[in-house]
Structures are given as structure tokens and as C-alpha cells.
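J.: Heads up: the sequence shown begins at 0 in numbering that gives the first Met the number 0, then just goes up one per residue.
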Amino acid sequence: MAEIRVNQDDCLGCEACVAACPFGAIRMEAGLAVIDLDSCNFCGACVGECPYEAILLEKEEKRPEQAGAPARGVWVFGEQREAEFATVVYELLGEGRKLADTLGDPLAVVAIGRDLEEKVGVLFEHGADIVYLADHPQLADFRDDPYTQVFVELVASYRPEVCLFGATSTGRSLAPRIAARLRTGLTADCTGLDILKEERLLVQTRPAFGGNIMATIYCRHGKPQMATVRPRVMKKAEPQPGRTGELVRHTVDPSRMVFRTRVLEFVREDVETVNLEDADIIVSGGRGLGDPKNFKYVSDLAKAMGAAVGASRAAVDAGWIPYSHQVGQTGKTVSPKVYVACGISGAIQHLAGMSSSDIIVAINKDPDAPIFKICTYGVVGDLFQVLPALSEAVKQARKG
Ligand SMILES: Cc1cc2nc3c(=O)[nH]c(=O)nc-3n(C[C@H](O)[C@H](O)[C@H](O)COP(=O)(O)OP(=O)(O)OC[C@H]3O[C@@H](n4cnc5c(N)ncnc54)[C@H](O)[C@@H]3O)c2cc1C
């Protein structure tokens with residue numbers, strides 16, 4: 000049993016608890032907070048938010064799924080920007096469909112944003128059975144606080160068993176907040192997912208210890224089971240034109256939300272050259288370039304091949320190229336048709352982000368560089384000779 004109460008001597012009526020409660024269980028009466036025990040989930044979100052420590056909670060651990068019907072359904076967070084869903088959403092739908100079918104449950108997308116209603120058809124066509132839509136002008140841009148609030152409200156109402164997020168900067172920011180509010184676990188950066196059917200457990204696989212071992216993680220004692228999944232690791236769902244599903248509109252009440260941040264402007268980075276995750280060909284440079292100005296050898300080859308430019312962390316850490324170009328464990332995971340590694344040794348953390356590329360070409364002057372162990376084609380040589388010659392050859396071949 001749990002007990003919660005407001006110590007009226009300490010409550011100063013600041014309303015922080017009202018905004019913090021995901022279940023709308025707190026209201027103000029005569030300037031003091033009052034908790035509706037029928038609606039309260041005893042999650043404790045208000046306790047931490049009260050600056051005056053006026054809310055007292057005594058409980059045995061109680062989680063949302065214990066409060067009612069058993070948790071069911073696989074959910075995908077429908078990350079979007081300017082009403083366009085991120086590529087990773089389609090990848091999660093592909094994987095989520097398999098998980099939902101194994102569990103015998105529906106697959107749903109949580110779409111939060113503005114002017115999304117006419118876009119949700121594409122989610123059904125990619126395998127969603129249900130779309131939970133929270134559409135409101137104040138949700139146009141991703142912000143942690145209101146998005147967390149909406150997602151938690153939906154979880155409280157519909158009780159999913161599994162929630163998947165892209166391990167993008169948005170997903171990595173949002174998912175931990177939701178997990179903390181729901182008092183459940185979260186496995187970050189998964190590269191594989193499966194279901195242990197009898198126990199209805201999500202099998203979450205991710206690299207650990209610098210990619211040297213693969214860890215398998217279960218969340219046995221919390222629901223929903225939550226994971227972020229690296230973009231470009233799962234296969235995109237195949238679209239089925241004309242497929243439809245159930246649209247559930249969620250009523251958004253901004254008065255229950257906290258808006259601690261404002262989006263001033265969205266500045267697109269040089270998309271043509273940086274859009275690594277969607278590129279079919281990537282030419283990457285590493286410390287072997289020796290100097291930032293030598294990235295022009297990499298850019299020249301990339302331009303000739305119609306490729307995006309990537310980099311190792313050593314090159315990024317040296318300040319030669321922005322982080323958005325970094326490939327690897329702490330950068331982007333890519334899986335292009337062709338990956339050309341120039342002056343990159345092939346450290347395990349770099350390989351973690353590119354080893355699933357179809358064709359890997361390595362250019363390195365050290366014949367013992369580890370990159371040669373995984374490459375499809377290797378050139379042992381000085382990149383300052385090889386790259387200009389290769390760029391020229393590609394240009395000639397293209398002309399022909
Ligand atoms: C927790 C953690 C996370 C990390 N995450 C990442 C990550 O996301 N991405 C990443 O890349 N790294 C990451 N690293 C760093 C990683 O361990 C390596 O230090 C890094 O990848 C090395 O980059 P590099 O290959 O460019 O440099 P080096 O290892 O120094 O290799 C340079 C290579 O260039 C070759 N070379 C030199 N001159 C020439 C020339 N003239 N012509 C041809 N070849 C030449 C050399 O033979 C050498 O093989 C991480 C490390 C840790 C601990």
C-alpha cells in the first residue's frame with residue numbers, strides 16, 4: 000500500500016507539483032495543492048518537483064503496469080522534424096512489427112508535433128496498427144519537457160509493453176526522461192532486439208566495453224520495457240500502399256506542461272555534405288591526414304564519387320572537422336554501399352560505426368593497420384598520392 004499527502008504547513012502554492020503530475024491528479028484549492036487519490040499513481044514525480052518538500056510519499060514500489068490491466072503493445076516514438084518522420088522511425092517500424100507479431104500485440108506509433116494528422120498515413124503503410132497523435136502548435140518543435148509529459152500521459156492511459164526510440168539526439172534526450180518518470184529501465188544504443196516469448200521479455204543487445212563484447216539486457220521488473228536503437232542498424236519496413244489503421248487523437252492540455260526551453264531557430268547544417276546516415280557512399284578521413292587542410296583530399300574524392308564526408312574521432316577531436324561527421328561508437332552508425340577509409344587505423348570504436356558497410360575500401364600506409372582485416376579492398380600507400388590519383392580516375396571514369 001502507498002500513502003501520499005501534502006503537508007499544508009509547508010505548501011506555498013507554487014503549483015510545481017501540478018505541472019509535474021503525469022496523471023493530472025493534483026489541483027489547487029485555496030492556494031494549496033490537493034491530491035486526488037483516485038487518479039494518483041503514486042509515481043512520486045511531484046515529490047521531487049516540490050521545492051518546499053511539502054509532499055510526503057510512503058510506499059511499496061508501485062509501477063504503472065501494476066495499477067490496472069497488464070501492459071500490451073509495442074510502441075515506436077514517431078520522431079519528426081517539420082512534420083517529416085525521421086528515417087529511423089521506419090527502421091523501428093520494421094523491427095517493431097516483428098516484435099509485436101511475436102507477442103501477438105498491436106504495433107503503435109506515438110506521433111507528437113504540429114500538423115501531423117495528414118502525415119500519419121505513411122506510418123500505417125509502414126506497419127503501424129495504431130497511431131497515437133498529439134497534435135498541438137506548442138508541440139511543433141521537439142522539447143524535452145512537453146514531449147515527456149505527453150508520452151507519459153499516453154503510457155498511463157494505454158499501457159504499452161515495449162517502447163522503442165531512435166538513438167538520435169532527440170531519442171537519447173527524451174527516452175531517459177520518460178523512463179525516469181515511469182520508474183522503468185532503459186537500454187541505450189541497442190543494435191539487436193528480440194522477444195523471449197514465454198516471459199514476454201524484450202531481449203536487448205548492445206555493444207559494451209568499447210564494442211569488445213555484446214551485452215544482452217532484460218528489463219524484468221519494469222514496464223514498459225524501453226530501448227533506444229541506433230539508426231541504420233535495423234532494416235526499414237517495406238511500405239504497403241493503402242494499408243490503414245486506427246488513429247487515436249490525444250487531447251493536449253498545455254496547462255499541464257512545463258516549458259523550460261524555447262526553440263529560437265532551427266539551423267540546417269550543410270546537409271549536402273553531412274547527411275552521413277542516408278549516404279550511399281562515404282569517404283572518411285582520419286589522423287593520417289595530418290592537418291585539417293588535408294581534408295580537401297577527402298572532400299575532392301567525395302565530390303568526384305558523389306559521396307558524403309565522414310571522419311574518425313581522432314580527426315574530430317583534433318578540431319579538423321565538426322562532430323556531425325564522426326563515424327563510430329560515439330558518432331554516427333552508417334551502412335553505405337561503399338565506405339572509403341583514408342588514413343584511419345580501424346580502431347574497434349570506429350569499426351562499430353561502419354563495419355556493416357557493403358564495400359569497405361581502406362587506404363593506409365601501414366600494412367598492419369587493423370582496418371585491412373575488415374576491408375573489401377585495401378591500398379597500402381601514402382594517401383597524399385593515392386587520393387589525388389583516385390579522384391582523377393573516378394572523374395575520368397564518370398566522364399566516360
Ligand atoms: C569510449 C571511446 C569511444 C570512441 N568512439 C570513437 C568513434 O565514435 N569513432 C572513432 O573513429 N573513434 C572513436 N574512438 C577512438 C578510437 O579508439 C581511435 O582512437 C580513433 O578511431 C583513431 O582514429 P584514426 O584511425 O584516425 O587515428 P589513428 O589510430 O592514429 O590512425 C591513423 C592512421 O593513419 C595512417 N596514416 C598516417 N599517415 C598516413 C599517410 N600519409 N597515408 C596513409 N595512411 C596514413 C596510420 O598508419 C594510421 O593507421 C573512441 C574511443 C573510446 C575510448
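Cβ atoms here follow ideal geometry from the backbone N, Cα and C, with glycine treated the same way.
What you are looking at is a predicted structure, and each value in this text was computed from that prediction instead of being measured.
Do Phe402 and ligand 1 come close, with the Cβ less than 7 Å from some heavy atom?
T.: Here the chain comprises residues numbered 0 to 399, so residue 402 is not present and cannot be evaluated.
J.: Please enumerate, following chain order, all residues with a beta carbon closer than 5 Å to at least one heavy atom belonging to ligand 1.
T.: That query returns the following residues: Gly285, Arg286, Gly287, Ser311, Arg312, Ala313, Gly327, Gln328, Thr329, Gly330, Gly342, Ile343, Ser344, Ala346, Gln348, His349, Asn363, Lys364, Asp365, Ala368, Asp381 and Leu382.
J.: How far does the beta strand (DSSP E) with Ala392 in it reach, from first residue to last?
T.: Looking at the DSSP string, Ala392 is not in any beta strand (DSSP E); the run it does join, the alpha helix (DSSP H), is Leu382 to Lys398.
J.: Compute the beta-carbon to beta-carbon distance between Asp188 and Arg176, rounded to the nearest angstrom, for a pair I have assumed lies under 8 Å.
T.: Not confirmed; about 17 Å, so no contact.
J.: Measuring alpha carbon to alpha carbon, tell me which residue in Lys302, Arg180 and Ser172 is nearest Glu391.
T.: Out of Lys302, Arg180 and Ser172, Lys302 has the C-alpha closest to the C-alpha of Glu391.
J.: Return helix, strand or coil for Gln7, following the three-state DSSP convention.
T.: Gln7: coil per DSSP, three-state reduction.
J.: Quick one, which of Ala179, Gln137, Lys372 and Trp319 has its alpha-carbon nearest Gly47's?
T.: For the residues Ala179, Gln137, Lys372 and Trp319, the minimum Cα distance to Gly47 belongs to Ala179.
J.: Please report how far the alpha carbon of Arg62 lies from the alpha carbon of Ile373, in whole angstroms.
T.: Legend: pLDDT at Arg62 = 47, less than 50; position of this residue unreliable, value from coordinates given subsequently. If I take the Cα positions, the gap works out to 46 Å.
J.: Between Val393 and the rest of its own chain, which residues show a CB-CB distance below 8 Å, the 5 nearest in sequence each way excluded?
T.: The answer, listed in chain order, is Leu300, Ala303 and Met304.
J.: Verify whether the separation of the beta carbon atoms of Ala107 and Ala127 is less than 8 Å.
T.: Going by C-beta atoms, Ala107 is nearer than 8 Å to Ala127.
J.: How many angstroms separate the CA atom of Phe22 from the CA atom of Tyr157?
T.: Rounded to whole angstroms, Phe22 to Tyr157 spans 12 Å at the Cα level.
J.: Give a yes or no on whether the C-beta atoms belonging to Ile212 and Thr101 are separated by under 8 Å.
T.: Cβ atoms of Ile212 and Thr101: not closer than 8 Å.
J.: Classify Phe84 as helix, strand or coil using the three-state DSSP reduction.
T.: It is a strand residue.
J.: Among the candidates Phe123, Arg113, Gly241 and Val339, whose CA atom is the shortest distance from the CA of Tyr89?
T.: Comparing Cα-Cα distances from Tyr89 to each of Phe123, Arg113, Gly241 and Val339, the minimum goes to Phe123.
J.: What residue range does the beta strand (DSSP E) around Tyr338 cover?
T.: Per DSSP, Tyr338 belongs to the beta strand (DSSP E) from Val337 to Cys341.
J.: So Val337 and Val308 are in contact, right, with Cβ under 8 Å, and what is the actual spacing, rounded?
T.: The Cβ separation is near 13 Å, so there is no contact.
J.: Under the assumption that Ala166 contacts Pro238 (Cβ atoms under 8 Å), give the Cβ distance between them as a whole number of angstroms.
T.: The Cβ separation is near 23 Å, so there is no contact.
J.: In terms of residues, what are the limits of the alpha helix (DSSP H) holding Pro175?
T.: Ser168 to Leu181 is the span of the alpha helix (DSSP H), which, as asked, contains Pro175.
J.: DSSP state of Cys16, grouped into three classes?
T.: In the structure shown, Cys16 sits in a helix (DSSP, three-state: H, G or I).
J.: Helix, strand or coil: which one does DSSP assign to Phe434?
T.: Since the first residue of the chain shown is 0 and the last is 399, residue 434 is not available in this structure.
J.: Beta carbon of Cys10, beta carbon of Ala70: below 8 Å?
T.: Against a cut-off of 8 Å, the Cβ pair of Ala70 and Cys10 comes out as no contact.
J.: Whose CA, out of Val75, Gln328, Val247 and Ala306, lies closest to the CA of Pro159?
T.: Nearest option by C-alpha distance: Val75.
J.: What whole-angstrom Cβ distance do Thr375 and Ile347 have, given they're in contact under 8 Å?
T.: Actually they are not in contact, since the Cβ atoms of Thr375 and Ile347 sit about 19 Å apart, beyond 8 Å.
J.: Does DSSP put Asp114 in a helix, a strand or coil?
T.: Coil.
J.: Looking only at its chain, what residues have a beta carbon closer than 7 Å to the beta carbon of Ser355, apart from the 5 residues adjacent to it on each side?
T.: These residues qualify, in order along the chain: Ser334.
J.: Can you pull the DSSP bridge partners for Cys189?
T.: Answer is Val228, bridged to Cys189.
J.: Can we say the region 139 to 149 touches the region 248 to 267, given the rule of at least three CB pairs closer than 8 Å?
T.: Enough Cβ pairs lie closer than 8 Å, so yes.
J.: Taking 8 Å as the cut-off, decide whether the C-beta atoms of Leu288 and Ala306 are in contact.
T.: Contact: no.
J.: Within the continuous alpha helix (DSSP H) that includes Gly120, where are the two ends?
T.: Its alpha helix (DSSP H) spans residues Gly120 to Glu124.
J.: Going by beta carbon distance, what residues of the same chain come within less than 6 Å of Arg267, once the five residues before and after it are set aside?
T.: The answer is none, since no qualifying residue turns up.
J.: Count the other C-beta atoms from every protein chain shown that fall within 10 angstroms of the C-beta of Glu197, then say buried if there are 16 or more, exposed otherwise.
T.: That one is exposed.
J.: Are the Cβ atoms of Gly345 and Ile320 separated by less than 8 Å?
T.: No; because the gap between Cβ atoms is not below 8 Å, this pair is not in contact.
J.: If you reduce the DSSP assignment to three classes, tell me which class Ile320 lands in.
T.: Ile320 falls in the coil class under three-state DSSP.
J.: For the structure I just gave you, are there three or more beta carbon pairs, one from the region 78 to 86 and one from the region 26 to 42, closer than 8 Å?
T.: Not touching, per the Cβ criterion.
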